[in-house]
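Residues in the sequence shown are numbered consecutively from 25, following this note's numbering. A virtual CB, placed ideally from N, CA and C, is assigned to each residue, including glycine. The structure displayed is predicted, hence computed values, not measured ones. Encoded as structure tokens, the structure appears first; notes follow it.
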Amino acid sequence: MRKPHSLHVRAPWCAGLLLAAHGIVMSSAWADQDRLLDGFETLGAWTADASDGVKASAESTAGLGGRALRLDFDFGKSAGYAFVRRELPLDLPENFELSFLLRANAPINNFEVKLADASGDNVWWFERRDFAFPSEWRRIKIKKRQIAFAWGPTQDRSLRRIDSLEFVVGAGRGGGNGSIEIDDLRFRELPPPPTHFPPLSATASSSLSGAEPGRAVDGDPRTSWRSDPSRELRKVSTSISACCASSAGSSSTGKTVRDRVVTTWNPPATALPGRCCGA
Numbered sequence: 025m026r027k028p029h030s031l032h033v034r035a036p037w038c039a040g041l042l043l044a045a046h047g048i049v050m051s052s053a054w055a056d057q058d059r060l061l062d063g064f065e066t067l068g069a070w071t072a073d074a075s076d077g078v079k080a081s082a083e084s085t086a087g088l089g090g091r092a093l094r095l096d097f098d099f100g101k102s103a104g105y106a107f108v109r110r111e112l113p114l115d116l117p118e119n120f121e122l123s124f125l126l127r128a129n130a131p132i133n134n135f136e137v138k139l140a141d142a143s144g145d146n147v148w149w150f151e152r153r154d155f156a157f158p159s160e161w162r163r164i165k166i167k168k169r170q171i172a173f174a175w176g177p178t179q180d181r182s183l184r185r186i187d188s189l190e191f192v193v194g195a196g197r198g199g200g201n202g203s204i205e206i207d208d209l210r211f212r213e214l215p216p217p218p219t220h221f222p223p224l225s226a227t228a229s230s231s232l233s234g235a236e237p238g239r240a241v242d243g244d245p246r247t248s249w250r251s252d253p254s255r256e257l258r259k260v261s262t263s264i265s266a267c268c269a270s271s272a273g274s275s276s277t278g279k280t281v282r283d284r285v286v287t288t289w290n291p292p293a294t295a296l297p298g299r300c301c302g303a
């Protein structure tokens, strides 16, 4: 007969949970602050261009509801890029989201959204290497934290204002030729990023003295929760409460072991911006 053993749990995913939680759904007050930047009913503000050896053109095409912009490109034998650009003076708040509809008839290639200041020398970008373009309309959402400083002489890399915007297709794994279509470019102000996170808490159906469940989530790698080996086999579960209440509900995983610990994390639904649970 096997000797009963104590279940030993340290919560290595705690740090990952805090990072993943950079994105809980916004309150309705913030969600209502949505602004249409371009519906692409006309393309007078947009110009197409490309690097040497690459062909590019911009055309009006049918969008999801009205009209949309289509960027046709042909890399030929070049490893360059094609893009469409427009002036778009915009003062930016502390936190925000840009979004647009995208579909394409294009091989896998690099996709970029570039934001530049009035000089055009300082550039920030959202970059996806070897991007699989969707064949059906999909809304692409870009939050401020996903935009990085690309290049430029400025010493202040804070993104507070832009004066132009570009959609860029660069030669990647697929190369070749194709087209991408863009519609419904929108801007949404988000709440400021959080300055702190609410603590984790834990409960268990049993524990040994000095190894209580709270020690599994106290941030100290030297401590852990240990179950009472005299208890019968139970289901171990970990759960995140309220994190995705507005979309996916709570989530849990488990396996059959001796005894159980339940870990919960309960921030307010409006506490943190962005996405959660892999959304």
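From residue i to residue j, what distance separates their C-alpha atoms?
i    : j    : result
K79  : G100 : 8 Å
L88  : D207 : 7 Å
L214 : A140 : 21 Å
L126 : S81  : 17 Å
S230 : F221 : 28 Å
P253 : L232 : 9 Å
W70  : G77  : 21 Å
F64  : T178 : 32 Å
I166 : A142 : 21 Å
T227 : P218 : 26 Å
R246 : S225 : 17 Å
Going by C-alpha distance, which of the options is nearest residue i?
i    : options               : result
G200 : L60, G63, G104        : G104
R169 : D115, A240, P216, A86 : P216
P223 : F211, F155, R239      : R239
R59  : S75, R212, V147       : R212
S75  : F107, G63, Q57, L61   : F107
P113 : P245, Q57, I186       : I186
E190 : F173, A86, E111, F97  : E111
With H, G and I counted as helix, E and B as strand and the rest as coil, what does DSSP make of residue i?
i    : result
G243 : coil
P237 : helix
R255 : coil
R5   : Nothing about residue 5 can be reported from this structure: the residues present for the chain run from 25 to 303 only.
R169 : helix
K101 : coil
V78  : coil
F221 : coil
L189 : strand
T178 : coil
G194 : strand
F157 : coil
Please classify residue i as buried or exposed, where buried requires at least 16 neighbouring CB atoms within 10 angstroms.
i    : result
G90  : exposed
N129 : exposed
S251 : buried
S203 : buried
W148 : buried
G68  : exposed
D115 : exposed
W249 : buried
Any Cβ of chain D within less than 8 Å of the Cβ of residue i?
i    : result
P223 : In summary, chain D is missing from the structure at hand, where a single protein chain is found.
Any idea which residues DSSP pairs residue i with across the strands?
i    : result
S231 : Per DSSP, none; premise fails for S231.
S123 : K165, R210
A86  : R91
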